[in-house]
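Respectively, the protein sequence lines represent chains A and B. Everything in the first sequence is counted per our numbering, starting at 1 for the first residue and increasing by one. Everything in the second sequence is counted per our numbering, starting at 379 for the first residue and increasing by one. These notes concern the structure reproduced below.
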Amino acid sequence: MDSIFKTFVYSISFKSQSGQAFLRLVFLTLLIAVTNLLNAQQQIQKEWSDTSFPSYIKRMNYFGERPDWSPDGKKFLFVARSFGDVYEMDIATKIVRPLTHHYYHGGYLRALYLSNGDIALIGPKSFPAENWKEARFKLSELWILDKKLQSPPVRMGEYVWEGPAISRTQLKIAWAEHHGSYPDQKRFWQIWVADIDYSSGIPSLKNQRVVLDNSSGMVKGAVLEPQNFRPGNEEELTVQSSGQGIGNNSTEVLGLNMKTGKLVNYSRSPASYNEPEGIFPDGQYTLVESSRHRTMESTARNIDLYKLKLDSSGVWERITLFNEGGKFKATNPVISNDGKFMAFMVARCDEMAGIGHGIYILDFEELEKAANKGKVKK
Amino acid sequence: MKSLIIVFTVIAPFLVLAQQPKQQRKPGSPIEHLPKNIRVLTHFGERADFSPDNKHVAFMVKSFGDAMVYDLETNITRCLTCNVPGGAFLRVMHLVTGDYILIGPEKFENINISRSRDNELWFLSKEKGSKPVKFGVKMSEGMAISKKSMKISFSQVHAQSPDLAEGASRLVIADLDISGGKPTLRNQKTVYESPDRSCTIEAADFFDNDSKMTFTCYEPQGLASVMTIDLKTNVVINHSKAPGTYNECEGIFPDGKYTLVEGDRQCDWLGGKRGSNNIDLWKLKLDGTGKNFVRLTNFNDYEGGKASNPVVSTDGKYMSFQFANTADPAGVGYGILLYKFVK
Numbered sequence: 001m002d003s004i005f006k007t008f009v010y011s012i013s014f015k016s017q018s019g020q021a022f023l024r025l026v027f028l029t030l031l032i033a034v035t036n037l038l039n040a041q042q043q044i045q046k047e048w049s050d051t052s053f054p055s056y057i058k059r060m061n062y063f064g065e066r067p068d069w070s071p072d073g074k075k076f077l078f079v080a081r082s083f084g085d086v087y088e089m090d091i092a093t094k095i096v097r098p099l100t101h102h103y104y105h106g107g108y109l110r111a112l113y114l115s116n117g118d119i120a121l122i123g124p125k126s127f128p129a130e131n132w133k134e135a136r137f138k139l140s141e142l143w144i145l146d147k148k149l150q151s152p153p154v155r156m157g158e159y160v161w162e163g164p165a166i167s168r169t170q171l172k173i174a175w176a177e178h179h180g181s182y183p184d185q186k187r188f189w190q191i192w193v194a195d196i197d198y199s200s201g202i203p204s205l206k207n208q209r210v211v212l213d214n215s216s217g218m219v220k221g222a223v224l225e226p227q228n229f230r231p232g233n234e235e236e237l238t239v240q241s242s243g244q245g246i247g248n249n250s251t252e253v254l255g256l257n258m259k260t261g262k263l264v265n266y267s268r269s270p271a272s273y274n275e276p277e278g279i280f281p282d283g284q285y286t287l288v289e290s291s292r293h294r295t296m297e298s299t300a301r302n303i304d305l306y307k308l309k310l311d312s313s314g315v316w317e318r319i320t321l322f323n324e325g326g327k328f329k330a331t332n333p334v335i336s337n338d339g340k341f342m343a344f345m346v347a348r349c350d351e352m353a354g355i356g357h358g359i360y361i362l363d364f365e366e367l368e369k370a371a372n373k374g375k376v377k378k
Numbered sequence: 379m380k381s382l383i384i385v386f387t388v389i390a391p392f393l394v395l396a397q398q399p400k401q402q403r404k405p406g407s408p409i410e411h412l413p414k415n416i417r418v419l420t421h422f423g424e425r426a427d428f429s430p431d432n433k434h435v436a437f438m439v440k441s442f443g444d445a446m447v448y449d450l451e452t453n454i455t456r457c458l459t460c461n462v463p464g465g466a467f468l469r470v471m472h473l474v475t476g477d478y479i480l481i482g483p484e485k486f487e488n489i490n491i492s493r494s495r496d497n498e499l500w501f502l503s504k505e506k507g508s509k510p511v512k513f514g515v516k517m518s519e520g521m522a523i524s525k526k527s528m529k530i531s532f533s534q535v536h537a538q539s540p541d542l543a544e545g546a547s548r549l550v551i552a553d554l555d556i557s558g559g560k561p562t563l564r565n566q567k568t569v570y571e572s573p574d575r576s577c578t579i580e581a582a583d584f585f586d587n588d589s590k591m592t593f594t595c596y597e598p599q600g601l602a603s604v605m606t607i608d609l610k611t612n613v614v615i616n617h618s619k620a621p622g623t624y625n626e627c628e629g630i631f632p633d634g635k636y637t638l639v640e641g642d643r644q645c646d647w648l649g650g651k652r653g654s655n656n657i658d659l660w661k662l663k664l665d666g667t668g669k670n671f672v673r674l675t676n677f678n679d680y681e682g683g684k685a686s687n688p689v690v691s692t693d694g695k696y697m698s699f700q701f702a703n704t705a706d707p708a709g710v711g712y713g714i715l716l717y718k719f720v721k
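Here's what the structure looks like:
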């Protein structure tokens, strides 16, 4: 053993031929390692970012968040920022028009088309400059803005936790409420459904009813948020369930049968974040913000966009790769009524959920063509 | 008597005609009838301001809204203040450094209080993601910013400065210092004061290497005059010299020989109430005669239409301004336009 060591020590001495050969080998090994490292770094730099992505995705603008497709798929709504104004972009001309400049308001977090073309708005009556979290999580209300844009929106008298689900075929809405907005009442996280009634000439809610609460059962203690009425079967609502209850502190995609109250866990991914987003027009799939590609830090911070089959088969398809480098995330996707396009946004991983810097549109036909040419990494 | 009746019958129609405007305003929108040298940049927004390199136009999306900037080469619009929760600004202007000055209240309370008493000055760095920093200075309406130095000017009235009597106003100049951690104003100096409402002052622009300034005197009955002050001699000159009309000083041409003016002189032949509502854009030679006055836009030829808040690029080749409605308060706009002077 000692002689082997001595031979080794001798061999690396600069004076011997074998020592020089050894040094060459070490140098070559280091060179290869550095080259690999640089290549890896270049690869990371080629990862998708807010400015670098495949050609089947188009960036439509450079400010705005939370898009929503018009029923004809020719326009989309978006809010300029959290607690900002609402705008509509004509996709063909890229002309952006303001929808909420004609009156003073406390800013909006979300805007969604109703099936009659009017617009549901979510935001506080006035903005408490000292506490934006209170404005977002406690004071945000439901408003309905007439599409003629000649008057301020009508206040519906309901606080809304985060985003509502809006039917694309009926004047029906679902939303979540929680105790914080109603401190004098014993409310847990509840999902409500109501019809939007125009019979008086002014929109109002009627037939309000709770369809799910987190006081018991599979979602006991969970944070609940409705996402979409399932096309083809609007008695079913896709629902996000976070924290306690189903999934054991993960976020799962649920289906709620509003007639029977039966819940189905479609995502069944207890180790990751899976928030249902826009639903496909055939009702067979939903978009999901998911962190399932991550083994470490598999949370809402590290999400990309996936397509999940709504049959409990657990068939997932990854659509975007913005999170591969760990710097960006793709969020808030919605599908056009013809199922051909997805509008979404891109943010940095360290940004608050819902923050966006412009709207992007993915063309599924172009994606398919790229996939057929082998140009899509899955 | 009979002959008098005949004479009156013959003359009366001519007297009525003489009192009526020579032209009528047209129905429709001026946006649908733009000349070739005017281009629509955005379909929303107000109060445009050119960047020092003339590659960008900053603007407000609305009164008490966000500041944005439009890239004239790429047509991309970016938001400058979307990271400010509840931001409610009224104006955005470029400093010579490329940084921005924002004007507006810390929070929106109501139109009058937020636009007058609470109107204040903010610095916004051009670095991405920056947040506005207060100077702690309240001011009236807009301000003048030098295109060559860090000199600024603003006016104050009783609402922002209670030491001033009701109706009085003052014009202040100062140097802006952004070298330390906190932007500050240095060398603040009052250069002109008006004791009453015969002239309520608003700063407009610096010219002649910052040795002179344009400003507006707002006068009773909603009228206004274009003024200049020599900052060395304090000599003040009325350049519009048109009592009974509205002449608000706007962007200055880089040679300092002409200024843009929001003027109502077209009311001479179009009729309508005098003042800031029925305005169009005019170019006035600053020679003290008030005679060299050229109309640049014809938006007020249309019912309800007006052009307002124009600024000139530092190379003098372009003017940016806004499409507005005669029924709205001053400053409200419905889109930013670009006017090319060299046809």
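Where a beta carbon is used, it is the ideal one built from N, C-alpha and C, also for glycine. Please read all numbers here as calculations on a predicted model, not as lab measurements.
With contacts defined by Cβ atoms closer than 8 Å, MET345 of chain A and LEU362 of chain A do not form a contacting pair.
Between the segment 657 to 664 of chain B and the segment 631 to 644 of chain B, the count of C-beta pairs closer than 8 Å reaches three or more; the two stretches touch.
For ASP90 of chain A, the enclosing beta strand (DSSP E) has its first and last residue at 86 to 90. Taking a C-beta cut-off of 7 Å against chain B, the contacting residues of the segment 117 to 133 of chain A are PHE127, ALA129, TRP132, listed in chain order. Annotated as proximal: ALA702 of chain B and TYR712 of chain B, with beta-carbon spacing under 8 Å. Residue-level contact by beta carbon fails for ALA111 of chain A and chain B, as no gap is shorter than 8 Å.
At a Cβ-Cβ threshold of 8 Å, ALA426 of chain B and ASN676 of chain B do not count as neighbours. In the DSSP assignment, ASP608 of chain B forms a beta bridge with B:LYS590. Flagged as an interface residue toward chain A: HIS421 of chain B, by a C-beta distance shorter than 8 Å. Nearest in C-alpha terms to ILE579 of chain B, of all of B:ASP586, B:PHE585, B:ASN587, B:MET591, is B:MET591.
Boundaries of the alpha helix (DSSP H) around LYS369 of chain A: 364 to 372. For a Cβ distance threshold of 8 Å, residue set ASP85, PRO98, HIS101 of chain A lies close to LYS440 of chain B, ordered along the chain.
DSSP, read as helix, strand or coil, puts HIS178 of chain A in coil.
Counting along the chain, the unbroken beta strand (DSSP E) around PHE229 of chain A starts and ends at 222 to 229. Residue-level contact by beta carbon holds for TYR104 of chain A and chain B, with a gap shorter than 8 Å. With its beta carbon at least 8 Å from every one in chain A, PRO405 of chain B lies outside the interface.
In the three-state DSSP reduction, ARG495 of chain B falls in the coil class, being neither helix nor strand. Look at SER82 of chain A: its C-beta is under 8 Å from a C-beta on chain B. At least one CB of chain A lies nearer than 8 Å to the CB of GLY464 of chain B. If only uninterrupted beta strand (DSSP E) runs of at least 3 residues are considered, those enclosed by the segment 138 to 193 of chain A are 141 to 145, 154 to 159, 161 to 166, 172 to 177. A straight line joining the alpha-carbon of GLU498 of chain B with that of GLU484 of chain B spans about 8 Å. Among the CB atoms of chain B, none fall inside 8 Å of the CB of ASN257 of chain A. Our two residues, THR251 of chain A and PHE280 of chain A, have alpha carbons roughly 20 Å apart in a direct line.
For ILE359 of chain A, the nearest beta carbon of chain B is not closer than 8 Å to its own beta carbon.
Inclusion of LEU121 of chain A and TYR108 of chain A in the CB contact set at 8 Å is warranted, their separation being smaller than that value. When 9 Å is used as the limit between beta carbons, GLU484 of chain B is near these residues of chain A: ALA129, in chain order. Its Cα nearest to that of SER241 of chain A, the residue A:GLN227 stands out among A:GLN227, A:PRO231, A:GLU234. For ARG548 of chain B, no Cβ of chain A is located within less than 8 Å of the residue's own Cβ.
The three-state reading of DSSP puts ALA426 of chain B in strand, counting E and B together.
A Cβ-Cβ distance of about 5 Å is found for the pair ASN274 of chain A and SER290 of chain A, placing them in contact under the 8 Å criterion.
The three-state reading of DSSP puts GLY507 of chain B in coil, since its state is none of H, G, I, E or B. Here LEU171 of chain A has LEU114, SER115, ASN116, ASP195, ILE196, ASP197, TYR198 as same chain residues with Cβ atoms under 8 Å from its own Cβ, once five neighbours each way along the sequence are excluded.
At a Cβ-Cβ threshold of 8 Å, THR238 of chain A and PRO270 of chain A do not count as neighbours.
Bounds of the beta strand (DSSP E) holding TRP316 of chain A are 316 to 318. Rounded to the nearest whole angstrom, the CA to CA distance from GLU65 of chain A to ALA543 of chain B is 47 Å. Of all alpha-carbon atoms in B:ASN490, B:LEU450, B:ALA537, the one lying nearest the alpha-carbon of LEU715 of chain B is that of B:LEU450.
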